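Each remark here refers to the structure printed beneath this line.
Residue numbers (full-length UniProt numbering): 1 to 547.
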């Protein structure tokens with residue numbers, strides 16, 4: 001299944017004005033399309049993703065803070081909470097170290113203020129995301145055409161879930177960037193390994209890179225070091241080409257194994273140093289998540305969830321365009337990769353949107369293909385007057401169904417837990433906070449990485465128990481809030497502030513008033529519930545003597 005450029009990659013050429021056949025167009029090329037300089041594409045992506053990062057003010061997944069920024073804060077400043085995954089050696093320090101370096105830089109410049117501590121990590125991730133946009137543009141151009149690349153970039157920037165997720169400091173966001181970049185260099189290696197009669201020698205030379213496959217393998221190894229499950233993607237890509245590679249031994253023993261061993265050894269020694277013991281993170285990660293189904297502790301979904309709910313919700317109204325793009329382009333290699341990733345992840349019980357984020361840009365590339373094909377047809381009504389074309393209607397539909405969704409999810413939905421920590425960080429900076437208790441489900445808010453003050457804090461623990469059926473503190477609190485607080489905490493006077501959702505406030509308000517607490521702030525959180533009672537707002541109570 002060797003890759004080659006597809007004829008008419010941007011759709012069939014438009015008919016000529018005289019009604020005859022249009023002059024033949026170069027295969028894979030749309031007529032009269034001015035190429036965009038890559039520096040301009042990167043500048044556009046950097047500006048867009050920076051604005052994107054500044055507009056993301058909501059809480060999505062605990063791992064954004066607890067598996068990255070909280071660990072990075074502990075590395076940089078010496079305090080921060082490590083969740084149970086780190087005590088079992090399930091996570092690599094490679095990803096958090098990137099943001100630990102950022103924190104050190106901010107501290108060196110004396111810019112580690114509440115605002116910068118909140119915004120700087122996402123702004124750094126926005127830089128990575130912008131390079132991901134650039135490489136998706138280049139990959140689309142390489143496989144299809146300049147015209148398709150431009151519409152692919154449009155799809156990437158407009159899609160609501162990409163806007164909502166890609167600038168967050170999740171390991172999946174960086175994995176997505178590395179996957180797209182790695183695929184670009186992998187396809188360059190395929191192009192440069194054979195003669196391509198449909199393009200000029202100058203174009204072929206521009207695509208050739210003697211080290212491109214090694215670069216692709218190195219990027220793939222880094223992606224697997226950050227997210228071991230990224231091996232699912234690269235197993236598919238590697239096996240398809242391995243069948244057609246002539247020098248299989250050279251490929252395995254001089255490229256794959258040496259590069260993989262170097263990255264594995266480097267990250268393993270890094271983790272040994274950071275953990276203080278001999279820990280092999282990829283092995284522990286796979287044993288827990290794949291072989292023992294440890295991830296099922298956080299919930300399971302039906303096997304078809306990614307196909308019927310998860311991925312359709314992510315790609316949203318781009319879905320029909322992507323399906324038509326797959327059929328029209330007949331690029332089965334990449335469409336097969338999407339199906340493969342969704343299929344393999346469907347085997348696992350625990351499913352999340354972010355797990356399949358790396359193949360979302362590929363699906364959007366097929367949407368770009370179909371939009372490019374539609375752009376070559378100009379419609380007229382029966383009276384000969386121009387009307388809205390299919391392309392214009394499609395673009396309008398995509399914009400009005402994605403941009404409002406992106407803004408609402410990024411600016412409003414579940415923002416209270418972010419706002420409350422920013423408020424507490426400013427109060428702590430002014431010396432008004434002595435200790436905080438979070439009476440809410442575990443990991444509902446950011447923690448020390450946002451507070452940035454070494455103050456005592458306590459949240460409800462949800463570490464998985466070895467004994468099945470044992471309830472954690474979060475579950476016990478939700479079942480009987482008042483009895484749980486009295487039993488576990490007794491007198492609440494050791495805390496100056498207590499944070500909880502409005503849905504639990506009514507159960508413990510009398511206890512709070514009895515212990516001399518009063519409401520000081522209330523933050524909007526959500527208009528509708530997700531998986532629990534409606535958590536419409538986040539409430540902060542403070543002891544009267546610290547006001």
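No residue lacks a Cβ here, since even glycine has one placed at the ideal position from N, Cα and C.
All values derive from a computational prediction rather than experimental measurement.
Who are the Cβ neighbours of residue i in its own chain at under 7 angstroms, not counting the five residues just before and after it?
{"i": "residue 298", "result": "350"}
{"i": "residue 225", "result": "92, 94, 263 and 267"}
{"i": "residue 35", "result": "146"}
{"i": "residue 45", "result": "130, 133 and 134"}
{"i": "residue 282", "result": "228"}
{"i": "residue 123", "result": "50 and 53"}
{"i": "residue 507", "result": "481 and 482"}
{"i": "residue 424", "result": "433, 436, 451 and 497"}
Do residue i and residue j have their C-beta atoms within less than 7 angstroms of each other?
{"i": "residue 411", "j": "residue 57", "result": "yes"}
{"i": "residue 188", "j": "residue 155", "result": "no"}
{"i": "residue 525", "j": "residue 542", "result": "no"}
{"i": "residue 232", "j": "residue 344", "result": "yes"}
{"i": "residue 315", "j": "residue 265", "result": "no"}
{"i": "residue 500", "j": "residue 539", "result": "yes"}
{"i": "residue 447", "j": "residue 81", "result": "yes"}
{"i": "residue 179", "j": "residue 107", "result": "no"}
{"i": "residue 128", "j": "residue 174", "result": "yes"}
{"i": "residue 248", "j": "residue 184", "result": "no"}
{"i": "residue 251", "j": "residue 157", "result": "no"}
{"i": "residue 103", "j": "residue 418", "result": "no"}
{"i": "residue 317", "j": "residue 398", "result": "yes"}
{"i": "residue 523", "j": "residue 420", "result": "yes"}
{"i": "residue 170", "j": "residue 85", "result": "no"}
Spell out the partners DSSP gives residue i in its beta bridges.
{"i": "residue 537", "result": "524"}
{"i": "residue 405", "result": "Answer is none; residue 405 lacks a bridge partner."}
{"i": "residue 498", "result": "437 and 541"}
{"i": "residue 457", "result": "436"}
{"i": "residue 517", "result": "543"}
Might you give, ordered along the chain, the residues of its own chain that have their beta carbon closer than 8 angstroms to the beta carbon of residue i, omitting 5 neighbours on each side?
{"i": "residue 528", "result": "534"}
{"i": "residue 270", "result": "92, 93, 94 and 97"}
{"i": "residue 342", "result": "306, 307, 311, 356 and 359"}
{"i": "residue 544", "result": "516, 517 and 518"}
{"i": "residue 511", "result": "482, 485, 486 and 492"}
Counting only the same chain and skipping the five closest in sequence on each side, list residues whose C-beta sits under 6 angstroms from that of residue i.
{"i": "residue 458", "result": "437"}
{"i": "residue 484", "result": "476 and 477"}
{"i": "residue 549", "result": "What the structure shows of the chain is the stretch from 1 to 547, and residue 549 is not part of that stretch, so it cannot be assessed."}
{"i": "residue 365", "result": "140 and 152"}
{"i": "residue 549", "result": "Nothing in the structure corresponds to residue 549, since the chain is present only between 1 and 547."}
{"i": "residue 474", "result": "441, 442, 460 and 462"}
{"i": "residue 41", "result": "134 and 137"}
{"i": "residue 200", "result": "Here the model assigns residue 200 a pLDDT of 42, short of 50, so the residue's position is not dependable and the matter cannot be decided."}
{"i": "residue 75", "result": "100"}
{"i": "residue 117", "result": "452"}
Quick one: using the 10 Å Cβ neighbour count with 16 as the cut-off for buried, is residue i buried or exposed?
{"i": "residue 422", "result": "buried"}
{"i": "residue 450", "result": "buried"}
{"i": "residue 358", "result": "buried"}
{"i": "residue 195", "result": "The pLDDT assigned to residue 195 is 40, lower than 50, so where the model puts this residue is not dependable; a value taken from the coordinates is nonetheless given after this. The residue in question, residue 195, is exposed, as its Cβ has fewer than 16 Cβ neighbours within 10 Å."}
{"i": "residue 469", "result": "exposed"}
{"i": "residue 530", "result": "exposed"}
{"i": "residue 87", "result": "exposed"}
{"i": "residue 414", "result": "buried"}
{"i": "residue 70", "result": "buried"}
{"i": "residue 376", "result": "buried"}
{"i": "residue 322", "result": "buried"}
{"i": "residue 479", "result": "exposed"}
{"i": "residue 514", "result": "exposed"}
{"i": "residue 392", "result": "exposed"}
{"i": "residue 602", "result": "With the chain running from 1 to 547 in the structure shown, residue 602 is simply not present."}
{"i": "residue 278", "result": "exposed"}
{"i": "residue 488", "result": "exposed"}
What whole-angstrom Cβ distance do residue i and residue j have, given they're in contact under 8 angstroms?
{"i": "residue 181", "j": "residue 135", "result": "4 angstroms"}
{"i": "residue 439", "j": "residue 498", "result": "6 angstroms"}
{"i": "residue 368", "j": "residue 215", "result": "With 8 angstroms as the limit, residue 368 and residue 215 do not qualify as a contact, their Cβ atoms being about 24 angstroms apart."}
{"i": "residue 325", "j": "residue 285", "result": "So it is not a contact: roughly 34 angstroms between Cβ atoms."}
{"i": "residue 72", "j": "residue 126", "result": "Not confirmed; about 17 angstroms, so no contact."}
{"i": "residue 435", "j": "residue 496", "result": "5 angstroms"}
{"i": "residue 89", "j": "residue 236", "result": "That belief does not hold up - the Cβ atoms of residue 89 and residue 236 are roughly 28 angstroms apart, past 8 angstroms."}
{"i": "residue 217", "j": "residue 259", "result": "5 angstroms"}
{"i": "residue 429", "j": "residue 114", "result": "6 angstroms"}
{"i": "residue 303", "j": "residue 346", "result": "5 angstroms"}
{"i": "residue 144", "j": "residue 409", "result": "Going by Cβ atoms, the distance from residue 144 to residue 409 rounds to 30 angstroms, so no, they are not a contact pair."}
{"i": "residue 464", "j": "residue 176", "result": "Rounded, the Cβ-Cβ distance is 27 angstroms, inconsistent with contact."}
{"i": "residue 373", "j": "residue 328", "result": "6 angstroms"}
{"i": "residue 454", "j": "residue 79", "result": "5 angstroms"}
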